[in-house]
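What follows is a set of notes on a single structure, which appears directly below.
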Amino acid sequence: MPAIIKVDDLAMSYDDQLVLEDINIGIKANSKTAIIGPNGAGKSTLLNCMLDFLKPLKGEVTFYGKAYKDYYKKIAYVPQSSSVNWDFPTTVLDVVLMGRYVHQGFFKKVSQADKSRALAALASVNMTDFAERQIAQLSGGQRQRVFLARAICQDADIYFLDEPMKGIDIKTEKLFAEIINQFQRDGKTVIIVHHDLATVREYFDHVILLNKTVIGQGPVAETFNEANIATAYDQRIGEIYGHIN
52 MPAIIKVDDL AMSYDDQLVL EDINIGIKAN SKTAIIGPNG AGKSTLLNCM LDFLKPLKGE
112 VTFYGKAYKD YYKKIAYVPQ SSSVNWDFPT TVLDVVLMGR YVHQGFFKKV SQADKSRALA
172 ALASVNMTDF AERQIAQLSG GQRQRVFLAR AICQDADIYF LDEPMKGIDI KTEKLFAEII
232 NQFQRDGKTV IIVHHDLATV REYFDHVILL NKTVIGQGPV AETFNEANIA TAYDQRIGEI
292 YGHIN
């Protein structure tokens, strides 16, 4: 099966410091792909380049052969919790409805169908009772659920999530894992920056190991091995063994 998302010869720098180089990636349709690597490996930067939030030094990213600007309506994104201004005065329901703006624009009146879709998305993450609550009043795990509901409401083909399971309780993590599985059952493609080596085999079928360049990529069973992990994390496997077993 050919790749539907391609990253070709991408490089990125901050203040003349190269943070990504020689990035070549292919992601297949209907896969669940984890992007893993140590702190400072460039995982979130790679996502931001793929989503056209950052302009790389060089390289190309395509979705079904199209540039992001020609395919963005079918791409949903869940940002890192730490990157969001949670003090913005808005309700949970309004945040979830933002998932519909990509289809209808910001200034079109919300339809009853859109509202029903948003409420269904909230129900899927067990947040219906919080629909009229201010987003600033929620806990970290609840906020992550709301942003996942926004992505669900968008009804995209491709989902990018940046460390969605970081700092949440195990109940919420299992809920997220099940929703990601449902995405796959529905024919969606999921790419997640992930921090927990212990759950890579459980939650994903493909993996990209990154440390400023691609150390390895492919099916988890073939690629998530001791040699690639040790190279990506620049450590002897014995030092991180407890995190993957």
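Quick note on this note's numbering: the sequence shown kicks off at 52 and runs consecutively.
Where a beta carbon is used, it is the ideal one built from N, C-alpha and C, also for glycine.
Bounding residues of the alpha helix (DSSP H) (the contiguous stretch that carries residue i)
i	result
Val197	191-205
Asn90	Run containing Asn90: none; DSSP gives neither H nor E here.
Lys222	221-236
Lys51	Summary: the structure shown does not reach residue 51, with the chain confined to residues 52 through 296, and so no result is reported for it.
Met101	94-101
Opening and closing residue of the beta strand (DSSP E) in which residue i lies
i	result
Val176	Note, Val176: premise wrong, no beta strand (DSSP E); not H, not E.
Glu111	109-114
Met263	Here residue 263 turns out to be Lys, not Met, going by the sequence shown. Segment: none, Lys263 is in no beta strand (DSSP E) and carries neither H nor E.
Thr240	240-244
Under the three-state DSSP convention, the category residue i falls into
i	result
Phe211	strand
Val251	helix
Thr84	strand
Met149	helix
Met63	strand
Gly289	Low per-residue confidence applies at Gly289: pLDDT is 47, beneath 50, and the placement is therefore not dependable enough to give any value.
Ala182	coil
His257	strand
Ala118	coil
Asn276	coil
Val70	strand
Val143	helix
Val271	helix
Lys79	strand
Lys57	strand
Presumed contact (8 Å Cβ cut-off) between residue i and residue j, rounded CB distance
i	j	result
Leu199	Val176	6 Å
Thr240	Ser82	6 Å
Ile86	His245	7 Å
Gly116	Ile74	Actually they are not in contact, since the Cβ atoms of Gly116 and Ile74 sit about 18 Å apart, beyond 8 Å.
Ile209	Ala172	Actually they do not touch by this definition, with Cβ atoms about 17 Å apart.
Pro107	Cys100	5 Å
Phe227	Pro215	6 Å
Val112	Tyr119	6 Å
Gln68	Ser95	Actually they do not touch by this definition, with Cβ atoms about 16 Å apart.
Beta-carbon contacts of residue i that lie in its chain and below 6 Å, excluding the five residues immediately before and after
i	result
Gly77	Ala54, Lys57
Ala164	none
Phe114	Ile56, Tyr122
Thr264	Glu72, Asp73
Arg236	none
Own chain, CB closer than 7 Å to residue i, minus 5 neighbours either side, in chain order
i	result
Arg252	Val271, Phe275
Asp220	Gly192
Gly238	Asn81
Ser162	none
Ile201	A small fix is needed here, since residue 201 is Arg in this sequence, not Ile. Val146, Val147, Met149, Gly150, listed in sequence order.
Own chain, CB closer than 8 Å to residue i, minus 5 neighbours either side, in chain order
i	result
Met52	Lys79, Ala80
Ile230	Ser175, Val176, Leu199, Ile203
Ala283	Ile87, Gly88, Pro89, Ala92, Leu260, Leu261, Asn262, Ile266, Gly267
Asp285	Pro89, Asn262
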